[in-house]
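Single-structure report; data block below.
Take a look at the structure:
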């Protein structure tokens, strides 16, 4: 009898323990946060569409579950870094949780603005669910110097979208094969991209152009970093820490970018996100390279939502093909990680909120919000049956995103990266302005070297080596 | 110029009267002190330190930042661009403003509506005005290239915000559009105050409009006009929103003004100490310019 | 030529002039208002019309959905915030500044040095001053408050008001005030009874732009507020996203933002009526 009782008790104990461990990270966060009920935490979020997530969905839900009120502080992306650092420097403690772009993390950590999260992660058992984030984001957008400072929360990357119907049209295929000697398909090299772009423009302009893209100098950073690395370029010589962007590969990248403009619609150099979007959705361009939302909105997913009423109605639903940009290693442009401000008076409550937001259960819902700008970033997102059934080509879409998440390339991230990026932005505007590519890139190299010297060659070398050692810094 | 040195009444009144001129400036000066002194002192201190994004080194660094100013070509180029913009936009705005004020000086049916409409450009937030002009100049969504195409008979794809030869015209168009109404309204108000009997008498005597303008009108509005020029000049010197929206200082740094450079350095890259030194350089240069201008104003009058 | 003939000639000249002036006025209005028309018409367009290429010159049908959204989402209250903040700071700045200007104009108080110190406030690029002021505000506890912004805009507009009103006052002949003093008025009565009425065109013009400067400010509102107090320029920048551009909202907000000032300028224009003839006052 005694044995039976102890067996039953033992089994019951094991059952509860398993159940407790099987309790999700989201649930654990909610349970632990209840003791802060009645308080308020603030979170900095990108203004506009992105903020609808915490305003309409996650904020109210969190409050319902834990009694903690969420105050969303909307800040335009271009001012986010400034405001975060200013509030930190002034020691106001006004921000509790933060959204940060991963490439800013070294600078913010250096300035002491972000809270180290390892202790909290262990306390609330979040390691397991952190591990199930897609490796690219997990291994590259979470840590600085081996310590956790943010949870990757957005699978931003560049995807090549193309008009399947045009590519699969027999007449087009025959003509193209005759002209170029290989099959018409999504381009895998930049030469093919130019061939295909020119082909469609020759045949269909001005009704349809071969390609279009956001070409404004602000996007030049990502365009160059992607193309440069996909064609074998390295940013610095790791030993001397001198910039090597002005070699043949760099010049070829710049020249290629400029030549590609020729088969794009006139004025493409001033295109921003919405110009490219509206052109693609109206069917004016056969190819474009952009972030994941293009794919969702081109399929018409979510565009009925009032928040997306500004998106032009798609005329190409079911006609869109998805591929990785030429070279096969897409830029993981921008992205967002969730962090905790080091000067917050409510660090634990803020931490619990971001654990909950980032958890398997909740993030799955968040990436499927019709107005969501958060893109899939967890393994489970890419294979989720509900997502896969959202539109006809959703499986192909998620498959491409997953492939990109494997081979994607990180934004360059070293100390005071903003200054290096500013140089690239200007270089792009000079490129469109008509200056000689080699001259521009020589200036870029000179300015980058001057910056490195000012920051301290050894310090920067350490930061660069740390970055370059990440699996997704350069294509393998 | 005469002074009013008269007093009357009780001792209280006499005190208030005698100290009238000081009492009356007190509140304004106090507020200006509160908001003016601290930032200035802070900026001065900071300019002698070495604070940037990575370090908050508050030890005295002497003239480190100031010495850097002189070897910073980009800084002097931006000052050059700024002066260029002031030198071209200011006269245009003055002359256009004067002409518009003269146009609306006398009564005419519906004048109230015209004037209210013409002041609208200044009421659009500068960021929005800049963005609107970007849209107008846009090749895909904007009407300007479209209209040019109609006029010349073939499609025009002028890249107003990209090509170096078009960026300055684009900036001037947007800037003059937004701020000429400022000069217009101020001068209209000044001219409205001028005694009509003088101008009417001169007209009947057969004096040409030009003579009336230069001999009667201009001297009567001189103070206001020169001050408006001064204010507008200082504001043009700090021009930011329109250029940021159109070109962000590009291509390269071709349209980068001192404000844009200060924004990038101070706001984006947190070169706090260096920007502080830049600020003092600007204040120094402007003070000299303003003092020079003021002396000339008084002299000519 | 007889006096009657001279006057007939004058009125003929006037008639021609009026016709020409009218033409010029209309032409000017069309040119200046075209960009505003473009912006405002976006607020009435549907999303497809907004992104049409070549651009749609007018909306196919007038629909106010874009405005409705602003009111529903509460964005429109930022216009009210700005109205309150800019209005109060304008009133304060106009009152204190005009008093100060009078002293400078008539008494040369503080001489050139005070005048130059006052205008030097406008020489400082705002970018630089923003952070120290932010620190000051943190210490005072004025961040993200209405009174914080009101006082800030008052302080920043005072130099403008003082200098502009000094100019308008200097252009008023001093004899009126002297004769009022001789008649036994106190300084304050002179101000209220003589100076303010005589300077009303200047007061009007200065007030308009004092309001506009406070109304349109972005950089200070951005740094000094977080979530409690949002002004309309800051709200508008939320519509310029990295991955979105709510042109419909930008345009609709701009209409809402320009409307109050436009209405005020239109109605207060009687202060721009040509001044009282000197003869009338002297008599």
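Chains as they are written, first to last, in the working numbering: chain A, 104 to 579; chain B, 6 to 306; chain C, 99 to 381.
No residue lacks a Cβ here, since even glycine has one placed at the ideal position from N, Cα and C.
All figures in this text were calculated on a predicted structure; none of them were measured in a lab.
Residues sharing a beta bridge with residue i, DSSP
| i | result |
| --- | --- |
| residue 55 of chain B | B:62 |
| residue 390 of chain A | A:265 |
| residue 424 of chain A | A:265 |
| residue 143 of chain A | A:172 |
| residue 483 of chain A | Partner(s): none; residue 483 of chain A has no beta bridge. |
| residue 333 of chain A | For residue 333 of chain A, which the question treats as bridged, DSSP gives no partner whatsoever. |
| residue 338 of chain C | C:343 |
| residue 346 of chain A | A:339 |
| residue 312 of chain A | A:388 |
Coarse secondary structure for residue i, derived from DSSP in three states
| i | result |
| --- | --- |
| residue 113 of chain B | coil |
| residue 149 of chain A | strand |
| residue 243 of chain B | coil |
| residue 378 of chain C | For residue 378 of chain C, the predicted structure reports a pLDDT of 35, less than 50, and the residue's modelled location is therefore unreliable. The matter cannot be settled from this model. |
| residue 121 of chain C | helix |
| residue 159 of chain A | helix |
| residue 343 of chain C | strand |
| residue 573 of chain A | coil |
| residue 339 of chain A | strand |
| residue 273 of chain C | helix |
| residue 131 of chain B | helix |
| residue 159 of chain C | coil |
| residue 434 of chain A | strand |
| residue 202 of chain B | helix |
| residue 317 of chain A | coil |
| residue 149 of chain C | coil |
| residue 202 of chain A | strand |
| residue 68 of chain B | coil |
| residue 295 of chain B | helix |
| residue 180 of chain C | helix |
| residue 29 of chain B | coil |
Spatial distance of residue i from residue j (CA atoms)
| i | j | result |
| --- | --- | --- |
| residue 386 of chain A | residue 366 of chain A | 16 Å |
| residue 108 of chain C | residue 206 of chain B | 12 Å |
| residue 335 of chain A | residue 347 of chain A | 12 Å |
| residue 488 of chain A | residue 141 of chain C | 40 Å |
| residue 344 of chain A | residue 579 of chain A | 21 Å |
| residue 180 of chain B | residue 192 of chain A | 35 Å |
| residue 385 of chain C | residue 232 of chain A | Only positions 99 to 381 of chain C appear in this structure, which leaves residue 385 of chain C out of reach. |
| residue 345 of chain C | residue 148 of chain C | 8 Å |
| residue 202 of chain B | residue 275 of chain B | 60 Å |
| residue 249 of chain B | residue 260 of chain B | 9 Å |
| residue 261 of chain A | residue 390 of chain A | 13 Å |
| residue 114 of chain C | residue 301 of chain C | 33 Å |
| residue 483 of chain A | residue 184 of chain B | 56 Å |
| residue 147 of chain A | residue 129 of chain A | 21 Å |
| residue 251 of chain A | residue 558 of chain A | 24 Å |
| residue 170 of chain C | residue 409 of chain A | 12 Å |
| residue 176 of chain B | residue 136 of chain B | 12 Å |
| residue 425 of chain A | residue 503 of chain A | 6 Å |
Proximity of residue i and residue j at Cβ, strictly below 8 Å
| i | j | result |
| --- | --- | --- |
| residue 321 of chain C | residue 232 of chain C | yes |
| residue 477 of chain A | residue 248 of chain A | no |
| residue 338 of chain A | residue 515 of chain A | yes |
| residue 244 of chain A | residue 440 of chain A | yes |
| residue 131 of chain B | residue 141 of chain B | no |
| residue 299 of chain C | residue 194 of chain B | yes |
| residue 356 of chain C | residue 188 of chain B | no |
| residue 198 of chain C | residue 42 of chain B | no |
| task | Check each residue of the stretch 249–277 of chain B: if its Cβ is closer than 8 Å to any Cβ of chain C, include it; give the result in chain order. | result | 263, 264, 267, 268, 271, 272, 277
| the stretch 147–180 of chain C: which residues have C-beta closer than 9 Å to a C-beta of chain B, in chain order? | 148, 149, 150, 151, 152, 153, 155
| field | Contact set between the stretch 48–63 of chain B and chain A, restricted to residues whose Cβ is under 8 Å from the partner | value | 58, 59, 61
| message | Please identify, using Cβ separations under 9 Å, the residues of the stretch 218–252 of chain C that lie next to chain B, in order along the chain. | response | 218, 219, 220, 221, 222, 223, 224, 225, 226, 227, 228, 229, 230, 231, 233, 234, 249, 250, 252
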